[in-house]
Amino acid sequence: MEGTLSGVRKGAWSQTEDDLLRECVQLYGEGKWHLVPGRAGLNRCRKSCRLRWLNYLKPNIKRGDFGEDEIDLMIRLHKLLGNRWSLIAGRLPGRTSNDVKNYWNTNMRRKVHSHNKDDKNKNNVKESETCWKPHQVIKPVPRALRKASPVQGKVMSSSKVGVSEGVSLGCENWWETLLDEKEENTAVDNMIWFPGAKDGAFEVWDEELGSIASDFLAEAQTLTDFLLSQPSTFVISVAFDSMGRDFNLS
DNA sequence: AAAACACTCAACCGCCTATGT
DNA sequence: TACATAGGCGGTTGAGTGTTT
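Note that UniProt numbering numbers the first sequence so that position 124 is 124, with each residue one more than the last.
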């Protein structure tokens, strides 16, 4: 794994390198990763430095096994967001996207696999005892509603889902009405939409995906209930995160 | 005891997007 | 508008370690 081809060191980080990187970040702060190798005196590429810091050296990184609550939240988030590991990790304090991804790929994949086998055998084990079954991932498709005008922009259609182009949201401050009743917020030409894409773009879920989202809504009479219920509040905060806005439910 | 196999996780790679010129 | 550069992300790899045979 280790090598110095093209002059840049690769492979596992030594204690000395870790110390240099830590010192550099403490001195200059995070960011400007292209300057870090020079500043720290490291023969590593910017990406390697960034990754090492984010996944290993950064303070408050939680090590060790995932707790039950973390796993539960991870499953819910994955159900909603798909393989958006950084977003999922953002909702799991102290966990990195790499941790989440690794955990999912090792533990959860195996569970899916074993579940499929179980299905074939059709034994008497109750669903609640198997704890887990493969779910259909809601993979939101970002639509063209850029941050320049996340409010007054248009929800662009996708021929795949067959929605009329350019549905105006007609909502000056959409986040202010986010907590209104679901009828007002979810129905756009038979589609369910949520803000939540990167950089303020909206994401639109078609009816099929919406039916899965309804799992989350099942226990709530209104969207307000849904959004305010744990752990679904991340839906809002993800949206606010992505728009660079602070969000506080209290 | 040792070989084979399975698993974990740190790290790399390539791609995409945002931003600056 | 086009290009260059940086930041960030998900997918994948492979060395190290643990377990089984």
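Where a beta carbon is used, it is the ideal one built from N, C-alpha and C, also for glycine.
C-alpha gap between residue i and residue j, whole angstroms
i: serine 14; j: aspartate 65; result: 24 Å
i: leucine 57; j: arginine 22; result: 7 Å
i: asparagine 83; j: glycine 7; result: 34 Å
i: alanine 12; j: arginine 52; result: 10 Å
i: lysine 32; j: threonine 16; result: 21 Å
i: leucine 27; j: glutamate 70; result: 33 Å
i: methionine 108; j: isoleucine 88; result: 14 Å
i: lysine 79; j: glycine 90; result: 15 Å
i: leucine 35; j: glycine 29; result: 11 Å
i: serine 97; j: leucine 54; result: 9 Å
i: proline 195; j: leucine 81; result: Confidence at proline 195 is low in this model, with a pLDDT of 39, below 50, so the placement of that residue is unreliable and no value is reported for it.
i: arginine 63; j: valine 100; result: 11 Å
i: isoleucine 61; j: serine 86; result: 14 Å
Selection from the options that minimises the alpha carbon distance to residue i
i: aspartate 19; options: Gly41, Lys32, Arg63; result: Gly41
i: glutamate 68; options: Leu92, Leu54, Ser97, Gly11; result: Leu92
Whether residue i touches residue j by CB criterion (8 Å)
i: arginine 9; j: arginine 44; result: yes
i: proline 37; j: cysteine 49; result: yes
i: glycine 39; j: cysteine 24; result: The sequence shown places arginine at residue 39, rather than the glycine named in the question. Yes, Cβ-Cβ distance for arginine 39 and cysteine 24 is below 8 Å.
(Q) Would you call the stretch 94-111 in contact with the stretch 60-75, where contact means no fewer than 3 C-beta pairs closer than 8 Å? (A) Under the Cβ criterion (8 Å, minimum of three pairs), the stretch 94-111 counts as touching the stretch 60-75.
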